[in-house]
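Numbering (the working numbering), first residue to last: 24 to 246.
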């Protein structure tokens with residue numbers, strides 16, 4: 024990590040609660056010696072010390088706990104704090120960002136699976152409904168054709184009532200069979216859709232368990 028060492032804010036040192044201007048030559052020598060020894064964390068803590076010193080050096084406002092401080096200097100120190108975060112803090116931020124990305128991807132994948140399963144289940148139910156309705160229509164048409172044929176034959180036969188009765192009975196049987204078959208189709212489609220959703224739910228639970236395990240691993244690593 025590159026330190027912004029050319030401005031280490033040693034232009035004023037705190038002495039007995041007040042700031043005094045040090046000798047510039049001694050200041051340069053002291054800065055060079057100290058900066059060669061500080062590591063990332065020490066440099067970061069040194070910046071914190073200087074911002075505290077800048078605040079303490081502010082002018083007190085009478086009858087108030089507030090102070091007038093050098094805002095530009097404080098902002099410069101804060102900028103250096105942001106640019107010189109210790110490696111441990113930067114690593115922690117990267118790990119947090121990576122964990123959020125992994126959790127977001129897992130959640131998106133789970134939601135995609137659920138959405139896909141719901142679409143397949145809806146399509147299966149719609150298909151079964153259409154097939155059942157078409158079978159009923161076909162049965163009605165066939166029954167009407169039988170009745171029409173029976174009526175035509177009855178016109179040429181003496182026992183018209185018996186022919187019509189038989190035709191109506193046959194048409195009734197066809198209608199009932201069609202309704203039973205349509206009901207069975209609906210039940211079958213509903214059962215298949217239920218099994219599909221149950222399978223997806225199991226997959227989703229496994230995905231959630233995997234996400235929780237990964238989160239636990241990340242938490243363990245962060246500790």
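Don't be surprised by glycine CBs; every beta carbon is placed ideally from N, CA and C. Just so it is clear, the structure is predicted and the values come from calculations on it, not from any experiment.
Report the residue from the options whose alpha carbon sits nearest the alpha carbon of residue i.
i: residue 64; options: 200, 238, 227 and 108; result: 108
i: residue 241; options: 116, 200, 175 and 218; result: 116
i: residue 169; options: 159, 152 and 192; result: 192
i: residue 100; options: 196, 112 and 72; result: 72
i: residue 239; options: 189, 122 and 79; result: 122
i: residue 225; options: 140, 70 and 206; result: 140
i: residue 106; options: 85, 66 and 96; result: 66
i: residue 243; options: 203, 118 and 223; result: 118
i: residue 94; options: 88, 151, 80 and 85; result: 80
i: residue 69; options: 89, 104, 83 and 86; result: 104
i: residue 223; options: 127, 87 and 142; result: 142
i: residue 210; options: 152, 157 and 194; result: 152
Contact check, residue i vs residue j under 8 Å by CB: the rounded distance?
i: residue 154; j: residue 208; result: 6 Å
i: residue 176; j: residue 160; result: Going by Cβ atoms, the distance from residue 176 to residue 160 rounds to 25 Å, so no, they are not a contact pair.
i: residue 136; j: residue 219; result: So it is not a contact: roughly 11 Å between Cβ atoms.
i: residue 197; j: residue 166; result: 5 Å
i: residue 91; j: residue 77; result: Wrong, their Cβ atoms sit about 12 Å apart, outside the cutoff.
i: residue 212; j: residue 148; result: 6 Å
i: residue 205; j: residue 190; result: The pair is not a contact, with the Cβ atoms about 22 Å apart (cut-off 8 Å).
i: residue 133; j: residue 230; result: 5 Å
i: residue 97; j: residue 112; result: Residue 97 to residue 112, Cβ: 20 Å. No contact.
i: residue 126; j: residue 203; result: Their Cβ separation, rounded to whole angstroms, is 50 Å, which puts residue 126 and residue 203 out of contact at 8 Å.
Under three-state DSSP, which class holds residue i?
i: residue 90; result: strand
i: residue 261; result: Lying before the first or after the last residue shown, residue 261 is absent from the chain, which here runs from 24 to 246.
i: residue 153; result: helix
i: residue 83; result: strand
i: residue 107; result: coil
i: residue 57; result: With a pLDDT of 49 at residue 57, under the threshold of 50, the modelled position of this residue cannot be trusted, and the question is left open.
i: residue 52; result: With a pLDDT of 45 at residue 52, under the threshold of 50, the predicted position of this residue should be treated as unreliable, and no value is reported.
Within the present structure, is the beta-carbon of residue i separated from the nearest heavy atom of the ligand ZN by less than 7 Å?
i: residue 101; result: No copy of the ligand ZN occurs in the structure displayed, which carries no ligand at all.
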